[in-house]
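Sequence order for the protein chains is Z and X. First residue of the first sequence? That's 2 in this note's numbering, and the numbers climb one at a time after it. First residue of the second sequence? That's 2 in this note's numbering, and the numbers climb one at a time after it. No residue lacks a Cβ here, since even glycine has one placed at the ideal position from N, Cα and C. Down below is the structure, laid out as structure tokens.
Protein chains: 2
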Amino acid sequence: MPTRQVVKINPLNAESPLEALQAPVTSTALHYVRTNFPIPSIARAQYALSVTGAVAESRSLAYDALRHMPQHEVTVTMECAGNDRLGLYPLPAGEPWRSGAVSTATWRGVRLRDVLDMVQPHDDALEVVASGADRGPREDADSPHDVTFERALPIAAARHDDTLLALEMNGETLLPEHGAPVRLVVPGWYGMANVKWVTQLRAVTEPFTGYFQRKRYVYREHTGERAVTRTLVKSMIVSPATDVTLKAGARCVVKGWAWSGHGDVARVDVAVGGGDEWHAAELDKPVGEYAWTPWSFETPTLQPGRLVLRSRATDTAGFTQPDVAEWNALGYGNNAVRPLVFNVQLT
Amino acid sequence: MPTRQVVKINPLNAESPLEALQAPVTSTALHYVRTNFPIPSIARAQYALSVTGAVAESRSLAYDALRHMPQHEVTVTMECAGNDRLGLYPLPAGEPWRSGAVSTATWRGVRLRDVLDMVQPHDDALEVVASGADRGPREDADSPHDVTFERALPIAAARHDDTLLALEMNGETLLPEHGAPVRLVVPGWYGMANVKWVTQLRAVTEPFTGYFQRKRYVYREHTGERAVTRTLVKSMIVSPATDVTLKAGARCVVKGWAWSGHGDVARVDVAVGGGDEWHAAELDKPVGEYAWTPWSFETPTLQPGRLVLRSRATDTAGFTQPDVAEWNALGYGNNAVRPLVFNVQLT
């Protein structure tokens, strides 16, 4: 039985194993988990979502109230902004993610827009701040040192048709590590926007400056800072698995996924070995509007020794995976082309 | 039984496995092998070394003639110039070496200087060109397309006390894959200078411009080209092995090697995790004047999850391993700091 690969046990941070990523939709038990603090335990009977701030009328919504509103479903490839941090040089501090902090799941819940319509945000509302129930100390926080996980979403993204307050994941009631009872799902955005254990929504008229908005999840570069928002175009190879010995004298069908938060996947190219010779892979239908696109490529006949494969995706917005990611101090958004190494043997 | 890790089977290119690199001197059977062409088969009885060019008197030396000259011994850490090519982005063409194209061996043979003294190179001799018996086609060679592996050594390096024509390796007669019957050993230089199957030495008064001098083994950068010569300062972690699960709640003693072709190892620093916090490792006595220096470092108590370790060597010439190696088109001299990832579990 494959299990998640633990990156940190407390608080829990764990990657999806490759076996799980070979499926179009990742099994719930193997979906990657990223937490900043201990997982809050919230009984559904006690749960309340406070919707407040720059609104006509504040509301408090019980779990059952959300459950009885119209439900919508969306299949999303979600990636941690720190995925592939281990590929950045010099290695930034932060969880040392390899390539498994990405997964795909089908989420079901209430449109955030429907909830906002109930409270009628003021016309000058700029963002919706979602607060999780998770909190804890952070040495570099302004006093007080305990901070809550809170993230602001621009009002347009909050009002988007497919931004959900999810109650279910892959057809089952949400699990604690995935944000039970209720989490935000923001298709196309890196994981940090998908606030878990969300207990408060607050419309604000000024840009939010909380710890996780300004001290974390920013591309801190030599030239300044930019917010981490949508998922950058990326691809991964999931078959063959790198621990499998390939057979010399045969061709090999390489399979993988590609995704982007900026548009659809326009093309994927594959390189066999080093150098600059790229070949177009074949694309199949995406797993969902916001989920990854499967691709495949057949190699030439394999020679015994070491085989290196690289894949490179391009999205319809015109972005292509770079050879080297822009280094940033906190290590986010590494979508660089990554060589995978395979062993080829004569049988 | 550990075996060499084959990178290419024909011609043979293979790395030393980690188990073999945990010993101060690498076992002969597991010393890395880099070849450009099929391994020549040369009977010792038929062997002759032609020493010619800008010399007072050309000579041809039989194997036995070399064997009866004074023998010297030197222990050398030898590294392929392409070692860690897989860590360069974008990945250059060429053998996709990981970190095992480095090994340490004790070589025994004749001083190249003693042979040169027999033929008396002219005062204006600039270089000594060593030709191997290995040859084959190269598409990008000037016509004719068949090229011989030949490398020039500056006369001063050729005359150095410890530059040998080696007949033995680790106390045994040289094996075919390591250059039998006779190979050049040039302590402190990358592998390509250590010409195998050497059958001719030629003193020249103009800079040599052969294929392997000008079309290969050059740092081809955006700004121009530089020759690949001495080994850049580097370190590697050999214990714990990355496939071993470490025990949470205990400290861990990290061990490794550091080497440089530009001087002695002055210091090694270790970082536990990402970021910029480095701690001095303890150095022990080098394995030989031209062999790697052992170092060790004790981590703090390990937490369950993923542990990342990095080591960074500095030599007495003042060179330190960089965070990112200077990219070059042929992929040589990657001595950048390399993060190693370990799994830590509660028992």
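Query: Anything in chain Z within Cβ reach of Arg311/X, meaning under 8 Å, just list it in chain order.; Result: Leu92
Query: Can you check the segment 32-108 of chain Z for any beta strand (DSSP E) of at least 3 residues that lies completely inside it and give the ranges in chain order?; Result: 49-54, 60-63 and 73-80
Query: Is it the case that the Cβ atoms of Val275/Z and Val309/Z are separated by a distance below 8 Å?; Result: Note on identity: in this sequence residue 275/Z is Gly, with Val being the wrong assignment. Yes.
Query: State buried or exposed for Pro145/X, treating a residue as buried only when at least 16 other CB atoms are found within 10 Å of its CB.; Result: exposed
Query: With a threshold of 16 other CB atoms inside 10 Å of the CB of Gln121/X, please say whether the residue is buried or exposed.; Result: exposed
Query: Can you check the segment 185-229 of chain X for any alpha helix (DSSP H) of at least 4 residues that lies completely inside it and give the ranges in chain order?; Result: 212-215
Query: Any residues in the segment 79-112 of chain Z with a beta carbon nearer than 9 Å to a beta carbon of chain X? Which ones, in chain order?; Result: Arg86, Leu87, Gly88, Leu89, Tyr90, Pro91, Leu92, Pro93, Ala94, Gly95, Glu96, Pro97, Trp98 and Arg99
Query: Please confirm whether Ala282/Z and Thr315/Z have their CB atoms less than 8 Å apart.; Result: no
Query: Between Val75/X and Leu31/X, what straight-line distance do the alpha-carbon atoms span, to the nearest angstrom?; Result: 19 Å
Query: Just curious, the alpha helix (DSSP H) that Leu19/Z is in, first and last residue?; Result: Leu19 to Leu22
Query: Check whether the Cβ atoms of Ala82/Z and Leu62/Z lie closer than 8 Å to each other.; Result: no
Query: What would DSSP say about Thr29/Z, mapped onto helix, strand or coil?; Result: helix
Query: Would DSSP call Glu290/Z helix, strand or coil?; Result: coil
Query: Less than 8 Å between C-beta atoms, sequence neighbours within five positions excluded: which residues of the same chain meet that for Leu247/X?; Result: Pro241, Cys253, Leu303, Leu308, Phe343, Asn344, Val345 and Gln346
Query: DSSP state of Met349/X, grouped into three classes?; Result: What the structure shows of chain X is the stretch from 2 to 348, and residue 349/X is not part of that stretch, so it cannot be assessed.
Query: Given Gly192/Z, which residues of its chain have a CB within under 7 Å of its CB, disregarding the five upstream and five downstream residues?; Result: Arg35, Met79, Glu80, Cys81 and Ala82
Query: Hey, out of Arg60/X, Pro39/X, Val8/X and Trp190/X, whose CA is closest to His161/X's CA?; Result: Trp190/X
Query: Interface residues of chain X around Val186/Z at Cβ under 8 Å?; Result: Here the premise fails: no neighbours, minimum Cβ distance about 27 Å.
Query: Under three-state DSSP, which class holds Glu327/Z?; Result: coil
Query: List the residues of chain Z that Gly306/X touches, going by C-beta distances under 8 Å, in chain order.; Result: Val7, Val8, Lys9, Ile10 and Asn14
Query: Hey, would you say Pro25/Z sits closer than 8 Å to Pro3/Z, going by beta carbons?; Result: no
Query: Identify the continuous alpha helix (DSSP H) that holds Ala157/X and give its terminal residues.; Result: Ile156 to Ala159
Query: Would you report the Cα separation of Val56/Z and Arg68/Z, rounded to the nearest angstrom?; Result: 23 Å
Query: Ordered along the chain, which non-local residues of its own chain (more than five positions away) have a Cβ less than 6 Å from that of Ala153/Z?; Result: Glu128, Val130, Phe209 and Gln214
Query: With a cut-off of 8 Å, does the C-beta of Ala282/X fall near any C-beta of chain Z?; Result: no
Query: With a Cβ-Cβ cutoff of 8 Å, do Leu87/Z and Pro97/Z count as a contact?; Result: yes
Query: For Val342/X and chain Z, any beta-carbon pair shorter than 8 Å?; Result: yes
Query: So Leu22/X and Val239/X are supposed to be a Cβ contact under 8 Å. How far apart are they, rounded?; Result: 5 Å
Query: Should Ala102/Z and Tyr33/Z be called a contact, given that it needs their Cβ atoms to be closer than 8 Å?; Result: yes
Query: Report yes if the CB atom of Leu168/Z is closer than 8 Å to the CB atom of Gly110/Z, and no otherwise.; Result: yes
Query: Under 9 Å between beta-carbons, which chain X residues line up against Val338/Z? List them in chain order, please.; Result: Tyr90, Pro91 and Leu92
Query: So, is Ala337/Z buried or exposed, given that buried needs 16 or more other C-beta atoms within 10 angstroms?; Result: buried
Query: Please confirm whether Gly275/Z has its beta-carbon closer than 8 Å to some beta-carbon of chain X.; Result: yes
Query: So is Gly332/X in contact with chain Z if we call contact Cβ pairs under 8 Å?; Result: yes
Query: Using a cut-off of 7 Å between C-beta atoms, extract the partners of Val325/X located in chain Z.; Result: Tyr90
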